[in-house]
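Everything in the sequence shown is counted per the working numbering, starting at 897 for the first residue and increasing by one. Don't be surprised by glycine CBs; every beta carbon is placed ideally from N, CA and C. Because the structure is a prediction, the values reported are computed rather than measured. Here the structure comes first, spelled out in structure tokens, and everything after it is commentary.
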Amino acid sequence: MNLEQDLKWLSNHPQFAHFVTVIKESREACISAMHEAKPESIMQISGRILAYDDLLRMTNAEELIRRHTQ
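Put into structure tokens, the structure is as follows:
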């Protein structure tokens, strides 16, 4: 299997949707943390946000979460 097929298979499981929801919440927490972060921490937090964004895009998070919350 390739990554695309693996993600398609995983997207059929509500547990995976929950995991993706946790990733989304972690991204939001990082964004909130940026408001109070010291300048030397901004780059690290930005990198984490970008990593979360990549995962959310890869998993088609909005559609996945919507499908499993109906």
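Tell me which same chain residues have a C-beta within less than 7 angstroms of the C-beta of residue i, skipping the five on either side of it?
i	result
S968	Any property of residue 968 remains undetermined from this structure, which presents the chain solely from 897 to 966.
I938	M930
A913	L960, I961, H964
T917	I961
L903	M954, T955
Taking the alpha-carbon positions, what's the residue i to residue j distance?
i	j	result
Q966	S942	32 angstroms
K920	L952	7 angstroms
S907	T955	8 angstroms
P935	L899	36 angstroms
Which same chain residues end up closer than 8 angstroms to residue i when comparing Cβ atoms and leaving out the 5 residues on each side of it in sequence?
i	result
C926	I941, R944, I945, Y948
Kindly list the residues whose CB is nearer than 6 angstroms to the CB of residue i, restricted to its own chain and excluding five residues on each side of it in sequence; keep chain order.
i	result
A933	I941
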